[in-house]
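Number of protein chains: 2
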Amino acid sequence: MTIITPVILCGGSGTRLWPKSRASKPKPFLPLVGESTLFEATLARNAMFDPPVVVTGAAHLSHVEAQLGDRPGASIIVEPEAKNTAAAIALAAMRLPDEAVMLVCPSDHHIGDPQAFAEAARAAAELAEQGWLVSFGIEAKSPETGFGYLQSGEAIGTSGYQVAQFVEKPDLERAKAFIAEGAYAWNGGIFAFRVKEFLDELEHFRPAISVAVVKAVRDGREQGQRFYPDAAAFKAIIGESVDYAVMENTAHAAMVPADMAWSDIGNWQALHEARERDADGNSVTGPAELVDCRNVLVESDGPRVSVIGLEGVIVVVDGGEVLVTTADGAQKVGKLSGAANQ
Amino acid sequence: MTIITPVILCGGSGTRLWPKSRASKPKPFLPLVGESTLFEATLARNAMFDPPVVVTGAAHLSHVEAQLGDRPGASIIVEPEAKNTAAAIALAAMRLPDEAVMLVCPSDHHIGDPQAFAEAARAAAELAEQGWLVSFGIEAKSPETGFGYLQSGEAIGTSGYQVAQFVEKPDLERAKAFIAEGAYAWNGGIFAFRVKEFLDELEHFRPAISVAVVKAVRDGREQGQRFYPDAAAFKAIIGESVDYAVMENTAHAAMVPADMAWSDIGNWQALHEARERDADGNSVTGPAELVDCRNVLVESDGPRVSVIGLEGVIVVVDGGEVLVTTADGAQKVGKLSGAANQ
């Protein structure tokens, strides 16, 4: 029986969900869809596996501990600074037994179908046990230009494929061609690796990261369930995503298709789509009155919001800030001075 | 030399400018265009005439007195209850000498060209001295369906016309025909009457109102600059507008054309049009950031408002309420539960 250890990555600031998501309480720790926070929901859908390893920064530690609660065996790696996903995953890997399968999960995504996630996770773990480095290939429902794509190649058994090609965020024309062709899936940043294979490939393709992480772990210190890697050693790392550092280089890249109502909740429009909506497509959180509205999202932390005659508009009131944007404009929220200067 | 006494009517709630205009501080007392409140601006453009008579209700008295300031000779008639404009004007008339010319002005309109107002007022007062009951005919710039219209007939001297017909709020087709024909002006609710002629016509066409107001004034009491008509006598009145009660009946209805950048500031869209706008048509009051916006009005009493990608939208934040509406939707603001249940 495969041992699956969830490795939950808690970084990022989520400025595109400003003013709800802020530096002081970012996206993973907010109840954006339903009652649970995205981090809590990530823990919940991994609860059938081994206790998780959470990798986070000092700034988010209090939120992580509060929402992690009492989970025997769970551990938290407190990164001295953010060095992107290759280093974060390597930290976890070096503290786990060689034969463990890591199920690497971002903590700020929404998965509407946890059962489908669990099935994909089992399939991915099986391939990882055979030595594959496995990405979840999220069924591409629309020609998104904000995601990388995985092109599936030869089948491996009944539930996976070799990855023929990793494709960076495409333009709209290419994205449409991918959807039409059908052999492409979104790269959702969820992975299954056996520890040994991951560390071997990292050492091979990014020896500098590997050496620095070995040192950071060797010279780190435990404090209860927390582990603090050595800051000086970690500082030397040039941050890189696991896709760049490992996945695009390895000869053992595989993917399992996953159709699990996934969303990265990358902006307010994506959040609107992930939420339950009424017959007019409206979604309301907090006190509000909508008249002649369609596909409107209202989210307020207190003040009443009255909206008349609008379509496809997002209104967010939070912490004394008011945001009003079109669906397209939602992409630009992170660049507002309110979001940028927190 | 004609004595002109401004009679300034301060009633109404202005629910269509909610949440800025509220029962506790309605439209006339707010600085909606420029630095002055609409009431203060009304006083200012009448300052070259005799001291004004202000007709208001007890609910607005404190605002009236605070904004009226120290104006020797000014007086305030405190209506026991609102009985529409015929009775309000009659109250003022019965406290003025017969030969005085009343210049009746609503206190919740904006007039962008006070010089043109002054000229029209002089012309109207001249006609009033000749015994005409004079309406200001506001140059109709567009086929508005929210106003009554005055059809001008035979010329009287060089600056006025007899009124051929009063037209109730028309539908759009009729309004367009009026604009095309050219002999129609908006009825802006501004009038010049000599006291004697007004009271004679009121007595003739609405003897019940006349008798009741005589009694209310006879049994009323003075208190400093305030005059309180008798409540019991006033209560008997069936409220009617001066248009219905007098103007549409009299054989002496006249009009003077007035092109004076007038607006009744009847809703947020009208206010937006009365305000100064930047090159993109945006108008901002309070802290705000607009990105890719055109013809957007933002008004905030404190919270920052960030708007992306919208056109022709109004965002108002006031007293813990947030309103977002299209230009067309602005007509419906008064029916929002926030506006209706104050």
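Those sequence lines, one after another, are chains E and L. Quick note on numbering: my numbering labels position 315 of the first sequence as 319, and the sequence is numbered without any gaps. Quick note on numbering: my numbering labels position 240 of the second sequence as 244, and the sequence is numbered without any gaps. Note that the Cβ used here is the ideal one computed from N, Cα and C, for glycine as well. Quantities reported herein were computed from a predicted structural model and do not represent experimental measurements.
Neighbour list for residue i in chain E, Cβ cutoff strictly below 9 Å
i      : result
T329/L : V295, S310, V311, I312, G313 and L314
K24/L  : Correct list: empty, because the minimum Cβ distance to chain E is about 13 Å.
L340/L : E293, V295, S310 and I312
Distance, residue j Cα to residue i Cα
i      : j      : result
L206/L : K180/L : 33 Å
Y232/E : V82/E  : 5 Å
S287/E : S304/E : 11 Å
H114/E : R178/L : 56 Å
E315/L : A235/E : 50 Å
S25/L  : G152/L : 24 Å
V138/L : E85/L  : 27 Å
E130/E : R225/E : 33 Å
G141/L : I183/L : 13 Å
K239/L : E158/L : 40 Å
Y188/L : E143/L : 8 Å
G324/E : R279/L : 26 Å
K200/E : A124/E : 21 Å
A104/E : D204/E : 14 Å
G338/E : R198/E : 36 Å
V309/L : H208/E : 51 Å
T149/L : E185/L : 16 Å
V328/L : A92/L  : 36 Å
Q155/E : I12/E  : 25 Å
P56/E  : I80/E  : 8 Å
Coil, strand or helix - residue i by DSSP
i      : result
K180/L : helix
V250/L : helix
R99/L  : coil
S341/E : helix
F170/L : strand
H276/E : helix
Q119/E : helix
P10/E  : strand
I81/L  : strand
H208/E : helix
S28/E  : coil
S66/E  : helix
G333/E : helix
R198/E : strand
N271/E : coil
Q229/E : coil
A240/E : coil
V221/L : helix
T60/L  : strand
S245/E : coil
S310/L : strand
R20/L  : helix
A90/L  : helix
R49/L  : helix
A262/E : strand
A283/E : coil
L72/E  : helix
Amino acids of chain L, ordered along the chain, whose beta-carbon sits closer than 7 Å to that of residue i
i      : result
P307/E : G324, E325 and V326
8 Å Cβ cut-off: residues of chain E touching residue i
i      : result
G193/L : The premise fails here: G193/L is roughly 27 Å from chain E at the closest Cβ pair, so nothing lies under 8 Å.
8 Å contact criterion, which residue i and residue j should meet: CB distance rounded
i      : j      : result
G342/L : W22/L  : 6 Å
L340/E : E293/L : 6 Å
A274/L : D268/L : 7 Å
T9/L   : M98/L  : Contact doesn't hold; Cβ gap of about 13 Å is too wide.
A96/E  : V68/E  : Not confirmed; about 14 Å, so no contact.
F53/L  : V108/L : Contact flag wrong, Cβ pair sits at about 12 Å.
V246/E : T89/E  : 4 Å
A255/E : I160/E : Not really, about 13 Å apart at Cβ, beyond 8 Å.
T19/L  : P32/L  : Their Cβ separation, rounded to whole angstroms, is 13 Å, which puts T19/L and P32/L out of contact at 8 Å.
Contact set between residue i and chain E, taken where Cβ atoms lie within less than 7 Å
i      : result
L21/L  : Neighbours of L21/L on chain E: none; closest Cβ ~13 Å, over 7 Å.
K336/L : V295 and I312
Neighbouring residues, chain L, relative to residue i (Cβ below 8 Å)
i      : result
D332/E : G313
V319/E : V326 and V328
Residue-level contact to chain C via CB, residue i, 8 Å cutoff
i     : result
S17/L : Here the protein chains are E and L, and chain C is not one of them.
Exercise for review: List in chain order: all unbroken beta strand (DSSP E) runs of 3+ residues lying wholly within the region 115-159 of chain L.
Suggested key: The region 115-159 of chain L contains these whole beta strand (DSSP E) runs: 137-143.
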